[in-house]
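For the sequence shown, numbering that gives the first Met the number 0 gives the first residue as 0, with consecutive numbering after it.
Where a beta carbon is used, it is the ideal one built from N, C-alpha and C, also for glycine.
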Amino acid sequence: MRRSELVYKGRIIKVYKDKMLLPSGAVSEFDVVRHPGAILVVPLVSDSKVILLRQFRPVIGGYLYELPAGTIERGESPLACAKREIIEEAGFRAKKMTRLGEIYPVPGYSTEKIFIFKAQGLKKAYAPGDKDEIIERIRCTKRQIRVLFEKGLIVDAKTIAGFALCGWL
């Protein structure tokens with residue numbers, strides 16, 4: 000048994016109040032954020048160099064170091080989204096995209112699944128980015144990434160997962 004009541008509908012997410020029967024037999028209520036899914040790309044310039052973004056995030060009121068990522072649009076595959084986002088955010092097109100895995104960043108209240116890709120064979124490309132994004136592109140070595148991480152400057156969970164799946168952390 001599962002009942003869902005729509006509480007809020009936004010541009011990207013929908014929030015529901017769900018009542019469900021758990022495997023234990025208990026009935027419980029949950030607030031659920033339904034999200035269309037997203038991608039994250041690890042854009043490798045070489046085996047030891049990556050494109051990292053310093054992006055302003057209005058929700059937290061500050062900048063984060065992140066890998067390129069984006070929301071999957073209706074009818075778009077994760078791979079097509081990854082190819083689009085690497086151009087928009089990193090300014091490169093990839094000759095080869097390899098799917099590394101997927102994560103559920105906050106499964107306690109959200110359905111969001113993030114598909115993680117490694118991009119290689121990068122060539123400069125251009126596509127207009129989103130007007131509400133403030134992004135600075137930085138080329139970083141593995142050592143620079145580790146230093147940023149050790150100093151507590153890489154705190155974005157999806158970025159940490161992407162680097163972990165590539166063996167960079």
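Beta-ladder partner(s) of residue i, from DSSP
i, result
"G69", "I38"
"T140", "K48"
"V31", "Y15"
"V26", "L20"
"L43", "V49"
"E149", "DSSP output for E149 lists no bridge partner at all."
Other residues of its chain near residue i: CB distance less than 7 Å, five sequence neighbours each side excluded
i, result
"D30", "V14, K16 and Y108"
"G90", "K123, A124, Y125 and R136"
"I134", "L52, Q54, E88 and G128"
"T38", "In the sequence as presented, Thr is not what sits at residue 38; that position holds Ile. Correct list, in chain order: A68, G69, I71, P77, C80, A81, E84, I113, F114 and F116."
Neighbour-count burial assignment, residue i, 16 or more Cβ in a 10 Å radius
i, result
"T140", "exposed"
"L152", "exposed"
"A126", "exposed"
"V40", "buried"
"L164", "buried"
"A25", "exposed"
"L43", "buried"
"I113", "buried"
"L51", "buried"
"I86", "buried"
Residues near residue i by beta carbon distance below 6 Å, same chain, minus five either side
i, result
"R33", "K13 and T110"
"F162", "L168"
"R1", "M19"
"Y7", "V14"
"Y62", "R53 and F55"
Test: residue i CB closer than 8 Å to a CB of chain D
i, result
"L66", "Absent here is chain D; the protein component of the structure consists of one chain."
Sequence-distant residues of the same chain with beta carbon closer than 8 Å to residue i, five excluded per side
i, result
"I159", "F148, I153 and L168"
"I11", "H34, P35 and T70"
Any non-hydrogen atom of the ligand MN within 7 Å of residue i CB
i, result
"G69", "No copy of the ligand MN appears in this structure; indeed no ligand is present at all."
Do the stretch 18-26 and the stretch 64-78 make contact, defined as three or more Cβ pairs closer than 8 Å?
Contact between the stretch 18-26 and the stretch 64-78 is absent, because fewer than three Cβ pairs lie under 8 Å.
Between the stretch 80-92 and the stretch 117-125, do at least 3 Cβ pairs fall closer than 8 Å?
Yes, the stretch 80-92 touches the stretch 117-125.
Does the stretch 46-55 touch the stretch 95-102, meaning 3 or more C-beta pairs lie closer than 8 Å?
The stretch 95-102, when compared against the stretch 46-55, does not touch it at the 8 Å Cβ threshold.
Return the chain-ordered ranges of every alpha helix (DSSP H) run that is complete within the stretch 58-131 and spans a minimum of 4 residues.
Entirely contained in the stretch 58-131, the alpha helix (DSSP H) runs reaching 4 residues are, in chain order, 77-84.
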